[in-house]
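In terms of full-length UniProt numbering, the sequence shown is residues 1 to 336.
Note that beta-carbon positions come from the ideal geometry of N, C-alpha and C, so glycine has one too.
Remember, predicted model here, so these are calculated numbers, not experimental data.
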Amino acid sequence: MGITIKDVAKAANVSPSTVSRVVKDSPRISQETKKRVRQAMRELGYHPNAMAQSLTSKNTGNIGIMLPRPNDEEFNHPFFPEALRGISAVLRIHDRDILLSPAGNEVEERRALQRMVLSGKVDGVVLLSSRISDELITWLYSINFPFVVIGNPRPLGLERVCWVDNDNIEIGRMITQYLIDKGYEDIGIITGDLRFIVNIDRLEGYKQAMEAAGKSTNRAYMAEADVWEDGGYNAMLRILRNGKPSAVVTVDDLFAIGAIRACRDRGYSIPYDIGVIGVNNIGVDQYLMPPLTSVEIYAYELGKSAAELLLKRIEIGPEYNDCVIIHGRLVERVSC
Numbered sequence: 001m002g003i004t005i006k007d008v009a010k011a012a013n014v015s016p017s018t019v020s021r022v023v024k025d026s027p028r029i030s031q032e033t034k035k036r037v038r039q040a041m042r043e044l045g046y047h048p049n050a051m052a053q054s055l056t057s058k059n060t061g062n063i064g065i066m067l068p069r070p071n072d073e074e075f076n077h078p079f080f081p082e083a084l085r086g087i088s089a090v091l092r093i094h095d096r097d098i099l100l101s102p103a104g105n106e107v108e109e110r111r112a113l114q115r116m117v118l119s120g121k122v123d124g125v126v127l128l129s130s131r132i133s134d135e136l137i138t139w140l141y142s143i144n145f146p147f148v149v150i151g152n153p154r155p156l157g158l159e160r161v162c163w164v165d166n167d168n169i170e171i172g173r174m175i176t177q178y179l180i181d182k183g184y185e186d187i188g189i190i191t192g193d194l195r196f197i198v199n200i201d202r203l204e205g206y207k208q209a210m211e212a213a214g215k216s217t218n219r220a221y222m223a224e225a226d227v228w229e230d231g232g233y234n235a236m237l238r239i240l241r242n243g244k245p246s247a248v249v250t251v252d253d254l255f256a257i258g259a260i261r262a263c264r265d266r267g268y269s270i271p272y273d274i275g276v277i278g279v280n281n282i283g284v285d286q287y288l289m290p291p292l293t294s295v296e297i298y299a300y301e302l303g304k305s306a307a308e309l310l311l312k313r314i315e316i317g318p319e320y321n322d323c324v325i326i327h328g329r330l331v332e333r334v335s336c
């Protein structure tokens with residue numbers, strides 16, 4: 001006979017109803033109790049009924065994908081459709097379908113994920129990003145549900161998590177070192193939302209390259225952008241109000257496009273007055289004026305690898321964990 005909710009309750013010294021509330025991540029239960037119950041669930045190998053059916057039979061044929069922003073905003077960025085194309089290519093071969101779950105904020109994300117999982121609609125989940133404090137990852141981990149992260153979840157300190165990512169510290173170093181080697185001195189940076197590990201890592205790579213070259217980072221030339229092109233535009237304007245850097249690292253090509261537009265609006269020529277470099281190598285880069293130097297991060301391959309890892313995790317079980325690191329490639333053009 002399999003492990004039941006009563007077995008978990010006994011091991012954690014709580015009532016079965018408390019175990020049920022922990023599974024649903026109820027705010028009525030203290031963090032200490034949640035931790036104790038989830039530990040008992042892991043040790044006993046317990047899965048809530050809806051999930052256990054999916055894990056045992058693997059017959060839903062569905063893989064859930066959590067989009068970290070509203071659909072319209074998400075698909076405005078070329079990375080996500082390309083990653084989804086890679087995921088779809090693998091799942092199609094294995095006769096799997098995709099369930100997309102959009103959400104407008106972190107609270108909606110958590111609720112949408114729990115609905116998807118607890119209803120037994122999916123056999124596993126792909127998360128398209130990782131944050132410093134990520135409740136989606138910790139919840140899926142606590143109930144042993146199959147998932148994979150496109151992003152590095154290392155700050156969470158969890159074992160047995162499948163993930164795929166670029167070496168984003170390496171990418172940050174690469175693009176900064178490229179500017180240093182070209183002779184640029186006062187190099188600024190436009191980052192993305194620093195709750196996300198990808199942006200933290202690319203910023204760290206920038207700092208490492210600057211320090212290794214004996215160059216100081218000027219906080220006046222560092223700005224965080226919120227959303228895509230307009231975010232890059234506004235971040236660059238904030239930097240220009242503090243002075244004129246000789247070049248700017250941007251952690252995303254859409255930020256770079258916005259930064260170039262801001263420079264032009266202020267009368268600066270690219271690359272003669274200010275050099276700009278980006279990351280992602282999106283399709284329009286080669287057609288910009290000037291064409292944008294960037295880093296190819298292989299979003300399609302990230303998606304493929306994520307799907308392959310998830311299918312292995314579903315097949316083998318909770319003891320399986322692996323990671324894939326895909327290195328970026330500098331694509332030289334003439335924006336710096």
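For residue 292, the closest of 274, 208, 149 and 303 by C-alpha to C-alpha distance is 274. By the beta-carbon neighbour count (other beta carbons within 10 angstroms, threshold 16), residue 77 is buried. The beta carbon of residue 223 sits closer than 6 Å to the beta carbons of 190, 235, 238 and 239 from its chain, once the five residues preceding and following it are set aside; these are given in chain order.
By the criterion of a C-beta distance shorter than 8 Å, residue 6 is surrounded in its chain by 16, once the five residues flanking it on both sides are discounted.
Residue pairing for residue 41: DSSP places it in no beta bridge. Linking residue 244 to residue 301 through their CA atoms gives a straight-line distance of about 38 Å. DSSP, reduced to helix, strand and coil, places residue 134 outside both helices and strands of the structure shown, so it counts as coil. Contact check for residue 153 against residue 87 fails: the beta carbons are separated by 9 Å or more.
Judged by DSSP secondary structure, residue 147 falls within the beta strand (DSSP E) whose first and last residues are 147-150. According to DSSP, residue 210 shares a beta bridge with no other residue.
Beta bridge pairing from DSSP links residue 188 with 248.
The alpha-carbon of residue 183 is positioned some 14 Å away from that of residue 334. Per DSSP, residue 165 is one residue of the beta strand (DSSP E) stretching across 162-166. Looking at the backbone, the Cα of residue 199 and that of residue 106 are separated by about 18 Å.
Excluding sequence positions up to five before and after residue 140, its CB lies within less than 6 Å of the CB of 147, all in the same chain and listed in chain order. With fewer than 16 other beta carbons inside 10 angstroms of its own, residue 284 counts as exposed. Looking at the backbone, the Cα of residue 12 and that of residue 3 are separated by about 14 Å.
Assignment of residue 329 by DSSP, reduced to helix, strand and coil, places it in the strand class. By the Cβ criterion, the segment 159-173 is in contact with the segment 295-310, since at least three pairs of Cβ atoms, one from each stretch, lie closer than 8 Å. Inclusion of residue 192 and residue 255 in the CB contact set at 9 Å is warranted, their separation being smaller than that value. Assignment of residue 289 by DSSP, reduced to helix, strand and coil, places it in the coil class. Counting C-beta atoms within 10 angstroms of its own C-beta, residue 259 has 16 or more neighbours from the protein chains shown and is therefore classed as buried. A residue is called buried once 16 or more other Cβ atoms fall within 10 Å of its Cβ, and residue 116 is buried on that count. Taking the Cα positions, residue 33 is about 58 Å away from residue 289. In the DSSP assignment, no residue is bridged to residue 180. Assigned with DSSP and collapsed to three states, residue 231 falls in helix.
Residue range 79-93 is occupied by the alpha helix (DSSP H) that includes residue 90.
In this structure, the beta-carbon distance from residue 42 to residue 142 falls below 9 Å. Of the residues 266, 134 and 66, the one whose Cα lies closest to the Cα of residue 127 is 66. Scanning its chain for C-beta atoms nearer than 6 Å, with the 5 sequence neighbours on each side dropped, one finds around residue 233 the residues 258, 261 and 262, in chain order.
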